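At position 116 of the sequence shown the residue is numbered 116 (the working numbering), and the sequence of numbers has no breaks.
From the three backbone atoms N, C-alpha and C, an ideal C-beta is built for every residue, glycine too.
Everything numeric in this text was worked out from a predicted model, so none of it was measured.
This report refers to the structure that appears directly beneath it.
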Amino acid sequence: MKRLLLLALIAQPAFSADCLFYKELNRGGTPLEQNSNQNSAYQLATAWNDQISSVWVKDGFYAVLFDNPKFQVSKVLYLYGSGLSFSKNVWDRTSGTAVNGGTGFNLDGLGYNKVTSSVLCLKD
Ligand SMILES: [Ca+2]
Numbered sequence: 001m002k003r004l005l006l007l008a009l010i011a012q013p014a015f016s017a018d019c020l021f022y023k024e025l026n027r028g029g030t031p032l033e034q035n036s037n038q039n040s041a042y043q044l045a046t047a048w049n050d051q052i053s054s055v056w057v058k059d060g061f062y063a064v065l066f067d068n069p070k071f072q073v074s075k076v077l078y079l080y081g082s083g084l085s086f087s088k089n090v091w092d093r094t095s096g097t098a099v100n101g102g103t104g105f106n107l108d109g110l111g112y113n114k115v116t117s118s119v120l121c122l123k124d
């Protein structure tokens, strides 16, 4: 019985969230989870403000990062998961890596390391 439970746990998807935000590069540490129907990162909590270094976006979703609170920007960053039906500018996809049914991004190579103050996670 214990073995069956263990197998069931292993078979679960690694993440249930649509977008994950990490303080470390290469998706290190415990992520901040966000789903596409949430609008809760209007202003990131102090513990996360200017701390995000990498992001994971589920296939079919995209994340929008703002360097100021309240969705204000001097520079906006769009990070696209795979399998989107629209063909927006996907230049930053090139730096992404396929991971667990989504795409992982390191923000240092995108000139956006530890500057994010608000985020959106959206479905195509
Ligand atoms: Ca900022």
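For THR97, the enclosing beta strand (DSSP E) begins and ends at 97-99.
Of the candidates TYR78, GLY96, ALA47, GLY83, the residue whose Cα lies closest to the Cα of PRO31 is ALA47. Straight across, the Cα-Cα distance linking TYR78 with LEU120 is about 10 angstroms. Taking 7 angstroms as the cut-off, the Cβ atoms of GLY102 and VAL57 count as close. With fewer than 16 other Cβ atoms from the protein chains shown falling within 10 Å of its own Cβ, ASN37 counts as exposed.
For VAL115 and LYS75, the gap between their C-alpha atoms comes out near 10 angstroms. Between the beta-carbon of ASN49 and that of SER117 there is about 5 angstroms, and that keeps the pair under the 8 angstroms contact cut. Here the distance from the Cβ of ASP108 to the nearest heavy atom of ligand 1 is not below 6 angstroms.
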